[in-house]
Amino acid sequence: MKEQSIIDFLKLRDYDIRKTQDARWIDQKCTPDVLSIVADCILELIQDDIEKSFSIKDVWDNPYTNENVKMIFSKPDLNSDFSMHEYDKFFLSPLNY
1 MKEQSIIDFL KLRDYDIRKT QDARWIDQKC TPDVLSIVAD CILELIQDDI EKSFSIKDVW
61 DNPYTNENVK MIFSKPDLNS DFSMHEYDKF FLSPLNY
């Protein structure tokens, strides 16, 4: 993705929270590091096929996701019993915004 494409995309919305009084999109699950890894995991999943459909479960079940989220965030394995509650918002929040 070229820099101008990113700039053009960011101009599509107004992120000034002084206007909306809604800073909810900037919560702990939507920080730049979380957005970055979720985006990276999606890009790994779709392999440059921007038309490919996927679900959050597809992202979650990808071994690349499991390996990198555990390594970068020191989180439990995505397949552990504890992980459902740990990761549901981790993946869903960035995709909702």
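For the sequence shown, my numbering begins at 1 and goes up steadily by one.
C-beta atoms are modelled at their ideal positions from N, C-alpha and C, and glycine is treated no differently.
Since the structure is predicted, the reported quantities are computational estimates derived from the model, not experimental observations.
| Item | Value |
| --- | --- |
| Backbone secondary structure at residue 76 - three-state DSSP | coil |
| C-alpha distance - residue 45 paired with residue 58, whole-angstrom precision | 8 Å |
| Three-way DSSP call (helix, strand, coil) for residue 6 in this model | helix |
| Closest Cα partner of residue 95 within the set 48, 81 and 35 | 35 |
| C-alpha gap between residue 85 and residue 73, whole angstroms | 16 Å |
| Alpha helix (DSSP H) runs wholly inside the segment 43 to 95, at least 4 long, in chain order | 56 to 61 and 63 to 73 |
| Reduced DSSP category for residue 31 - H, G, I as helix; E, B as strand; rest coil | coil |
| Buried versus exposed call for residue 91 [16 or more other C-beta atoms within 10 Å across all chains shown] | buried |
| Burial state of residue 42, where buried means 16 or more other Cβ atoms lie within 10 Å | buried |
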